[in-house]
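So the sequences go chain by chain: A and B. Position one of the first sequence corresponds to residue 11 (this note's numbering), numbered consecutively onward. Position one of the second sequence corresponds to residue 509 (this note's numbering), numbered consecutively onward.
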Amino acid sequence: MATLEQPPVIEAPQAVISNGRWIGYVRLLQMRMLELWREPEVIFWVFVFPLLLALGLGIAFRGKPADVTPIAVVAGAKASDVIQLLQGLPEHAGIHADVLGPAAALDGFRLGKYALVVSMDETGVHYRYDPARPESVLARTQVDDALQSAAGRKQAIQTASTASSEPGARYIDFLIPGLLGMNLMNSGMWGIGFALVEMRQRKLLKRFVATPMRRSDFLLALVSSRLVLMLLEVALLLVFGVLVFDVRVEGGLLAILLIGALGAVSFGGIGLLTASRAQKIESVSGLINLVMMPMWIFSGVFFSYERFPKMFLPAIRALPLTALNDALRAIILQGEPLHSQLGRIAVLVVWGGISFVLALRWFRWS
Amino acid sequence: MPVAIQCRELRKTYDGKVEAVRGLDLSINTGECFGLLGPNGAGKTTTIEILEGLLEPTSGEVEVLGRRWQTHARELREWLGISLQETRLSEKLTVRETLQLFSSFYRHPTSVDAVLEELSLGEKADSWVGKLSGGQKQRLAVATALIANPRILFLDEPTTGLDPQSRRQLWDIVRQFQKRNGTVLLTTHYMDEAERLCDRLAIIDHGQIIAEGTPAELIERLTGHHIVEFAVSDQTTRDGHRWGNLPGVQSVRSEDGFFCLRVNEPHETIPALLAEVQKQHAHLVHLTTRQASLEDVFVQLTGRHLREE
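Here you go:
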């Protein structure tokens, strides 16, 4: 191949294109969205899974006109007296009593089928209840009241009560903002953390930095793709909640979207930090789960974190998902204005900001 | 001819222990196709990645198109087209989308359609990258480098694992680029590739250049650039020294029951060889002669084969 003759100089295939400043960013964002759209798993986990979860939990804990509390009455001479006393009063339609042998009654109680075991003999009425089970405590009070007043106790004050299952105070209302927050965390961590390590493992990041691509454009496109997805996630869950469960959205849409965007970006930053050095997708998967696990449990996605001991509450409130869930609930359910959420916004900004700064310092492109 | 790539006293030590590159000097001219030839782990990839500005050398100087990476990285990036070893491009983007993406990073790229046509990827333009064959993927990798409309093309093991037809297609692409006055730096461990494609090459072993020149020069440098390869039937004749004393033999190598004699004049050596075989009452089961290749150069220089791990 030694140059015996000078090769003729052929012009490059028409190099007429001139690219503007932002074309790289636009293409990166466009291709990221295309890739996500073509990945069936992403569609499922980001869009379908939260809806299924909301549907399943919403049905399991749906508001009923009035709860019927099942109780067991131990068979004996006085069992029918108990049943009669209970049935004698109109407000006790809420109690369903089965008459059973002592062993069967106890078994049913242990397995949670009955909230209360009532036995009556010559000495009086005996209740077996579990103080740790709210419905058990409730049943004991209800049945005792029923028996006492049926036996002739005079009410000191006339009272009346209304069963409340208004939209806005049901479990599904509590759940939807929590699912939204959890979804923003999941997709931020996986959508940025996992995606980056995968690209690093495929040497695609290295290939990109071998071009004049601006690294800031690349990260910006990644975050932007999260924001676009966030819009869809929020819209989908809220519309689903409104249409299927009649959830009432009290707060302004703009405020909800701003908090959603802040949450998406903040968790994007944490995802970026998680992915800043990991070389293998196996190791980053473990890290992501490690970061998310405490928040699944403590941040009040499925139940209120107020149930944890008081001393833990300040730490729990400092978690980013807690701040996000609380802010979403305050705005969606209570219609609070954005400026009332400054503390929670600050928590998200601090988490996101510190993560971004550290991530950019430690980030490895190859 | 102006120099396109130059490096002096290049060294790279990983973690303060592993010396991947140990004092390497290179000077590659504009319009040249220069090959780095060497076995796996010789330091080829480390060298090319330092020249590409992807790795920092531990010490030494690099100049590409008269610029340094420390001061002109952005400018240089616009001028270079790079294909790394084993990049897995996004499988769920089409060929066209992948090229559109890469083209968007450059200020003055070549048109996507022109590159698609030049690399015969037109028919596959709308297929997902994941559905391409190995050869097509490799051509796409080179296409992402050519889309830059580069002045220098860096190819790290561009044909490893490809079938012969795909390899030849890639060679044509490289020659085409050279005809437009482009400079090419490639690494390979295939000596036929180096021999046919490269104007000049450097043989690298243990992070150092052990020989440099045109393929013809390197082979010329071998004292005795013909190879006589044979095998004999009889066990007792498998003593190498016997053959080393034949006229014109420069060296004897034995492997897998074969003898390789490096000789100056085959027509002097072969009759003597036949006579010797007869004298031993053995007979030949194999006899070939050929021109020495780069492989023989490498074996002479290192005592090992290129493809050995």
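Note that the Cβ used here is the ideal one computed from N, Cα and C, for glycine as well.
On the three-state DSSP scale, how would you describe B/GLU599? coil
Local conformation of B/TYR522 per DSSP, three classes: strand
For A/GLU132, three-class secondary structure by DSSP: coil
8 Å contact criterion, which B/ILE711 and B/PHE806 should meet: CB distance rounded: 6 Å
Which whole-angstrom value is the C-beta distance of B/THR691 and B/ARG729, which I expect to be below 8 Å? About 25 Å separates the CB atoms of B/THR691 and B/ARG729; that is not less than 8 Å, and the two are not in contact.
Please specify which runs of the alpha helix (DSSP H), each continuous and at least 4 residues long, are wholly inside the region 627-703 of chain B, giving them in chain order. 642-654 and 672-687
Distance, B/THR722 Cα to B/GLU784 Cα: 37 Å
Cβ-based contacts, 9 Å cut-off: residues of the region 207-226 of chain A near chain B: For the region 207-226 of chain A, the beta-carbon criterion of a distance under 9 Å to any beta-carbon of chain B is satisfied by MET209, GLN211, ARG212, LYS213, LEU214, LYS216, ARG217, PHE218, VAL219, ALA220, THR221, PRO222, MET223 and ARG224.
Which partner residues does A/THR79 have in the DSSP bridge list? A/ILE105
Would you say A/GLU292 lies against chain B (beta-carbon separation less than 8 Å)? no
Take B/PHE610 and list the residues in its own chain whose beta-carbon comes closer than 7 Å to its own, dropping the five residues that flank it on each side. THR652 and ILE655
Is B/LEU661 near B/LEU559, with beta carbons less than 8 Å apart? no
Let me make sure I understand the geometry here. Which of B/LEU532, B/LEU588, B/GLU569 and B/CYS515 has the alpha-carbon closest to that of A/ALA7? Because chain A spans 11 through 376 in this model, residue 7 of chain A falls outside it and cannot be assessed.
By the 7 Å beta-carbon criterion, what residues does the region 579-604 of chain B contribute toward chain A? ARG582, ARG585, GLU586, ILE590, LEU592, GLU594, THR595, ARG596, LEU597, SER598, LYS600 and LEU601
Which residues in the same chain as B/VAL637 place their Cβ atom closer than 8 Å to its Cβ, once the five residues preceding and following it in sequence are excluded? LEU597, SER598, GLU599, LYS600, LEU601, THR602, VAL603, THR606, LYS645 and LEU648
Would you be able to state if there are at least three C-beta pairs under 8 Å between the region 569-584 of chain B and the region 210-218 of chain A? no
Nearest-angstrom Cα separation, counted from A/SER286 out to B/GLY568: 29 Å
Chain A residues whose Cβ lies nearer than 9 Å to that of B/GLU728: In chain order: nothing, as chain A lies at least about 12 Å away.
So A/LEU44 contacts chain B; which residues on that side make the cut at Cβ distance below 8 Å? LYS600, LEU601 and GLU605
Does the beta-carbon of B/TYR522 have 16 or more other beta-carbons within 10 angstroms, so that it is buried, or is it exposed? Around the beta carbon of B/TYR522, a 10 Å sphere encloses fewer than 16 other beta carbons of the protein chains shown; the residue is thus reported as exposed.
Could you compute how far the alpha carbon of A/ASN29 sits from the alpha carbon of A/MET223? 12 Å
In DSSP terms, what B/LEU769 is bridged to: B/VAL736 and B/VAL760
Contact between the region 262-273 of chain A and the region 341-359 of chain A: three or more CB pairs below 8 Å? yes
Give the interface partners of B/GLU560 over in chain A, defined as CB-CB distance under 8 Å, in chain order. ALA220
Spatially closest choice to B/SER741 from B/TRP751, B/GLY765 and B/HIS734, by CA coordinates: When only C-alpha atoms are compared, the closest one is B/GLY765.
Just the C-alpha distance for A/MET11 and B/LEU544, rounded to the nearest angstrom, thanks. Here the model assigns A/MET11 a pLDDT of 42, short of 50, so the residue's position is not dependable and the matter cannot be decided.
Cβ-based burial, B/GLY811 [other Cβ within 10 Å; buried from 16]: exposed
Between A/ILE342 and chain B, is there a C-beta pair that is closer than 8 Å? False, the Cβ-Cβ gap to chain B never drops below 8 Å.
Just verifying my parser: in three-state terms, what is the DSSP assignment at A/ILE307? helix
Is it buried or exposed for A/ARG163, if we count other Cβ within 10 angstroms and need 16 for buried? exposed
Spatial neighbours of A/LYS88 within its chain, please: CB distance less than 7 Å, with the 5 preceding and 5 following residues excluded, ordered by chain position. MET130 and ASP131
Under 8 Å from the C-beta of A/LEU38: neighbouring residues of chain B: LEU609 and SER612
Determine the DSSP secondary structure at B/LEU795, reduced to helix, strand or coil. strand
Looking at C-alpha atoms only, which residue of A/GLY111, A/ALA149, A/ASP256 and A/ASP108 is the closest neighbour of A/ALA64? A/ASP256
Identify every residue that forms a DSSP beta bridge with B/SER567. B/ARG519
Tell me, which residues are paired with A/VAL84 by DSSP? A/VAL84 pairs with A/LEU110.
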